[in-house]
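Only one structure is covered here, and it is reproduced in the block below.
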Amino acid sequence: MPFCRRISPWTVVKLCGLSLLVFIVYINLKVTDPRRDPSHQTDAHHVHVRDRPNYLIFKDNGEMIQLGFNLSRRPRNNGRDLERRLVDNEDRIHASVRKDLGEKKDTDVQGQTGRDAAQKVVGRDVPVVMKAGDTKIVGQKKEVVIKPLAIVPVAKDKKMEMVPNKKESAPQTRSPGTPVPKKTSAPTLRVLGPGENLQVGQADIYLNSAVYYEHYPGNHTANVMLNGWANNRARSTFKCCFTTSLAMGAGDAFVEVPAQAYNIYKQYLVDMQSAEYFCSVPDPQYSKIAKTGLRYVTLAESSCKSATKDVLKIEYPALKAGGIGICLRVLYGSLNPEKLVEWFEYVRLMGVAKVVAYYYALEPYGLKVLEHYKQIGVLDMILTTPAKSKAGQGRSTKQSMLEKQMLVDNVMAANGCKQRMSGFDYVVVMDTDQFIIPKGKLNSYSELLAETLKRRPASSSFRFDQHVVFMNWNATRKSPLHITKHTTRTKSFSYANNVTTPCLVFKPQRTFYVGMDQVFTRTPFKFEQAPSEIYELFQYRFCNKAWRGCRETPKVTDNAMLAHETKIVDRILRLPLAALLPNNLNYVTYMKSWRQKTT
Numbered sequence: 001m002p003f004c005r006r007i008s009p010w011t012v013v014k015l016c017g018l019s020l021l022v023f024i025v026y027i028n029l030k031v032t033d034p035r036r037d038p039s040h041q042t043d044a045h046h047v048h049v050r051d052r053p054n055y056l057i058f059k060d061n062g063e064m065i066q067l068g069f070n071l072s073r074r075p076r077n078n079g080r081d082l083e084r085r086l087v088d089n090e091d092r093i094h095a096s097v098r099k100d101l102g103e104k105k106d107t108d109v110q111g112q113t114g115r116d117a118a119q120k121v122v123g124r125d126v127p128v129v130m131k132a133g134d135t136k137i138v139g140q141k142k143e144v145v146i147k148p149l150a151i152v153p154v155a156k157d158k159k160m161e162m163v164p165n166k167k168e169s170a171p172q173t174r175s176p177g178t179p180v181p182k183k184t185s186a187p188t189l190r191v192l193g194p195g196e197n198l199q200v201g202q203a204d205i206y207l208n209s210a211v212y213y214e215h216y217p218g219n220h221t222a223n224v225m226l227n228g229w230a231n232n233r234a235r236s237t238f239k240c241c242f243t244t245s246l247a248m249g250a251g252d253a254f255v256e257v258p259a260q261a262y263n264i265y266k267q268y269l270v271d272m273q274s275a276e277y278f279c280s281v282p283d284p285q286y287s288k289i290a291k292t293g294l295r296y297v298t299l300a301e302s303s304c305k306s307a308t309k310d311v312l313k314i315e316y317p318a319l320k321a322g323g324i325g326i327c328l329r330v331l332y333g334s335l336n337p338e339k340l341v342e343w344f345e346y347v348r349l350m351g352v353a354k355v356v357a358y359y360y361a362l363e364p365y366g367l368k369v370l371e372h373y374k375q376i377g378v379l380d381m382i383l384t385t386p387a388k389s390k391a392g393q394g395r396s397t398k399q400s401m402l403e404k405q406m407l408v409d410n411v412m413a414a415n416g417c418k419q420r421m422s423g424f425d426y427v428v429v430m431d432t433d434q435f436i437i438p439k440g441k442l443n444s445y446s447e448l449l450a451e452t453l454k455r456r457p458a459s460s461s462f463r464f465d466q467h468v469v470f471m472n473w474n475a476t477r478k479s480p481l482h483i484t485k486h487t488t489r490t491k492s493f494s495y496a497n498n499v500t501t502p503c504l505v506f507k508p509q510r511t512f513y514v515g516m517d518q519v520f521t522r523t524p525f526k527f528e529q530a531p532s533e534i535y536e537l538f539q540y541r542f543c544n545k546a547w548r549g550c551r552e553t554p555k556v557t558d559n560a561m562l563a564h565e566t567k568i569v570d571r572i573l574r575l576p577l578a579a580l581l582p583n584n585l586n587y588v589t590y591m592k593s594w595r596q597k598t599t
């Protein structure tokens with residue numbers, strides 16, 4: 001072994017070390033080659049490399065990061081490697097954009113949306129995510145500038161997985177108004193039916209209406225007001241997710257904007273407070289969908305990616321120039337159909353254009369009367385399901401309307417009317433046992449409110465205080481109508497230190513929110529007492545045995561309602577009474593007999 005004798009032990013050590021180093025390098029290259037390591041491959045087993053820069057989507061526990069270049073290796077160093085690679089490739093991306101735009105360096109391309117310009121770069125089959133009111137590509141004179149995409153570092157303990165371009169498209173970070181493209185396999189969205197509330201994730205926030213407002217609360221924006229209930233411990237921040245389509249197929253996207261609390265009513269602390277929120281879409285972003293408009297909205301606690309499939313249809317209030325509407329406090333339980341008919345025919349006589357009623361759990365006889373007025377276009381009925389928190393109690397038709405939760409429900413209804421009836425000149429909040437009677441030469445609600453505004457020119461809302469006509473007191477005259485049998489009322493607005501519920505009248509476009517017994521106006525308008533010499537307000541009710549002082553309170557005779565008696569009777573007799581009042585034949589028979597005698 002002459003050759004072996006000539007090799008020193010130190011040389012053998014060197015050769016072994018060199019062989020080991022070559023082996024380590026070989027193994028390292030084999031592991032880091034994405035074509036060989038299955039853990040680095042996408043579902044399609046490779047990433048197609050185009051002649052122009054492509055967008056790759058990286059997945060970090062369901063959140064997506066979008067990049068503007070091809071990458072042959074997985075990123076390291078918590079995303080710093082990704083940032084460096086994006087900067088290194090910026091010149092190449094700029095050159096490709098100029099090439100795809102036809103080398104028109106002196107052309108202003110602002111007329112072209114950022115999405116279209118970006119699609120020219122990356123190809124039509126690759127999703128592109130845009131920011132609200134902004135574009136990824138900004139057209140300027142003599143230069144095309146690309147705004148860098150957001151890079152979100154990945155925590156060291158999180159694994160980053162490359163997925164195919166066509167599968168996912170949602171970014172991890174978004175500014176307000178970011179459209180979030182939906183998967184083509186997403187199920188069809190469902191519009192909530194009557195009486196259903198839209199819950200915000202798992203939070204105790206339940207909303208039942210979404211109404212479009214232009215330039216309010218946000219100026220130069222498209223606004224949607226949301227109304228419903230919120231537990232006083234519930235979070236007040238969530239996301240509004242707008243869409244123009246229920247199908248949500250390829251190319252459709254949610255427009256995501258943050259929701260903001262408008263007003264949470266806390267005069268009474270109850271299980272579920274009356275709550276209003278609003279979402280504002282900036283005009284530049286809204287103009288992109290202006291042809292179809294904002295049609296549906298759903299809600300999410302943190303991201304539209306996790307939004308519920310249930311949506312509210314956005315309502316667009318109709319303009320009623322000179323119109324006066326009535327918003328009824330929540331109706332439930334048993335309603336006297338005879339008294340309902342008298343109330344509706346009286347307010348129609350006063351020139352009311354529309355009545356809006358929130359209701360639930362109504363007994364059939366009162367419901368039949370309401371459905372008649374709905375059918376002829378006088379009444380809009382809004383079935384509602386009063387919300388309760390996870391630990392709260394539901395409502396009961398045996399509850400008194402004076403219980404605090406029921407009073408707060410009335411505030412919810414009043415502010416829902418404020419939104420839905422924003423096109424009316426005035427909205428009157430009242431009950432079906434309350435009657436406002438104009439005095440003197442005033443013959444309608446429009447004349448009464450015009451005179452009120454003339455005397456209170458700085459006001460946009462008014463309070464009408466009432467006298468009570470207790471039905472327990474003996475009838476003072478014979479009449480077919482409940483409201484003209486009794487002509488005795490309380491002497492003062494309050495009786496035995498009991499404060500009565502007023503009627504509130506307001507201009508919707510000048511109102512911030514409606515409370516229990518007052519209206520909070522926008523600056524510089526005021527809320528004032530209506531001049532008592534031009535109206536009378538009667539509330540017809542029974543004196544409850546538990547109430548103190550109502551039977552003994554001082555009373556006076558007031559014949560203000562008698563001037564309208566014959567007109568109301570004539571209007572009622574023209575109704576299909578056999579269908580409306582099948583169990584009230586004595587009431588109908590006596591009315592017909594009375595009218596014949598007075599002819």
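When the letters of the sequence shown are read in order and numbered with full-length UniProt numbering, they come out as residues 1 to 599.
Where a beta carbon is used, it is the ideal one built from N, C-alpha and C, also for glycine.
Just so we're clear, the structure is a prediction, and the values are computed from it rather than from any experiment.
Continuous beta strand (DSSP E) stretch holding residue i: start and end
{"i": "P337", "result": "No beta strand (DSSP E) contains P337, which is instead part of the alpha helix (DSSP H) from 337 to 349."}
{"i": "V311", "result": "310 to 313"}
{"i": "V468", "result": "467 to 470"}
{"i": "M225", "result": "221 to 230"}
{"i": "G416", "result": "Unbroken run through G416 is the alpha helix (DSSP H), 404 to 420; no beta strand (DSSP E)."}
{"i": "S302", "result": "No beta strand (DSSP E) contains S302, which DSSP labels as neither H nor E."}
{"i": "K388", "result": "Counting along the chain, K388 falls outside any beta strand (DSSP E), and DSSP gives it neither H nor E."}
{"i": "R541", "result": "535 to 541"}
{"i": "G366", "result": "Here G366 belongs to no beta strand (DSSP E); instead the alpha helix (DSSP H) covers 364 to 375."}
Three-way DSSP call (helix, strand, coil) for residue i in this model
{"i": "P510", "result": "The residue asked about is misnamed: residue 510 is Arg in this sequence, not Pro. It is helical."}
{"i": "F23", "result": "helix"}
{"i": "H486", "result": "coil"}
{"i": "G195", "result": "coil"}
{"i": "S446", "result": "helix"}
{"i": "Y426", "result": "strand"}
{"i": "M381", "result": "strand"}
{"i": "T521", "result": "strand"}
{"i": "Y358", "result": "strand"}
{"i": "T243", "result": "strand"}
{"i": "K320", "result": "strand"}
{"i": "N586", "result": "helix"}
{"i": "K526", "result": "strand"}
{"i": "Q596", "result": "helix"}
Rounded straight-line distance, which links the Cα of residue j to that of residue i
{"i": "L319", "j": "A203", "result": "35 Å"}
{"i": "A307", "j": "N232", "result": "23 Å"}
{"i": "L370", "j": "Y360", "result": "12 Å"}
{"i": "residue 600", "j": "V257", "result": "Look at the range of the chain in this structure, 1 to 599, and you will see that residue 600 is not part of it."}
{"i": "A560", "j": "V191", "result": "48 Å"}
{"i": "T463", "j": "K526", "result": "The displayed chain sequence assigns Arg, not Thr, to residue 463. The alpha-carbon atoms of R463 and K526 are separated by roughly 11 Å."}
{"i": "N223", "j": "Q419", "result": "12 Å"}
{"i": "K339", "j": "T598", "result": "22 Å"}
{"i": "Q539", "j": "T523", "result": "32 Å"}
{"i": "L335", "j": "V468", "result": "19 Å"}
{"i": "Q529", "j": "V255", "result": "44 Å"}
{"i": "H486", "j": "K439", "result": "19 Å"}
{"i": "S461", "j": "A247", "result": "43 Å"}
{"i": "A259", "j": "C241", "result": "10 Å"}
Buried versus exposed, by CB contacts within 10 Å (16 or more), residue i
{"i": "G228", "result": "buried"}
{"i": "D409", "result": "buried"}
{"i": "F520", "result": "exposed"}
{"i": "P386", "result": "buried"}
{"i": "C16", "result": "exposed"}
{"i": "D570", "result": "exposed"}
{"i": "K404", "result": "exposed"}
{"i": "P480", "result": "buried"}
{"i": "F435", "result": "buried"}
Close-in-space but distant-in-sequence residues of the same chain around residue i (CB under 7 Å, 5 per side omitted)
{"i": "Q267", "result": "G515, M516"}
{"i": "D88", "result": "Note that D88 scores 44 on pLDDT, short of 50, meaning its location in the model is unreliable and no value can be drawn from it."}
{"i": "A353", "result": "K320, G323, I324, G325"}
{"i": "N584", "result": "P337, E338"}
N-terminal and C-terminal residue of the alpha helix (DSSP H) that residue i is part of
{"i": "D558", "result": "Unbroken run through D558: none, as it is neither H nor E."}
{"i": "A353", "result": "Neither: A353 is in no alpha helix (DSSP H) and is coded neither H nor E."}
6 Å Cβ shell around residue i - same chain, five flanking residues per side excluded
{"i": "V270", "result": "K404, Q405, V408"}
{"i": "P194", "result": "L383"}
{"i": "S444", "result": "M350, G351"}
{"i": "V429", "result": "C327, A414, L504"}
Neighbourhood of residue i by C-beta, 8 Å cutoff - its chain only, sequence neighbours within 5 removed
{"i": "K592", "result": "L573"}
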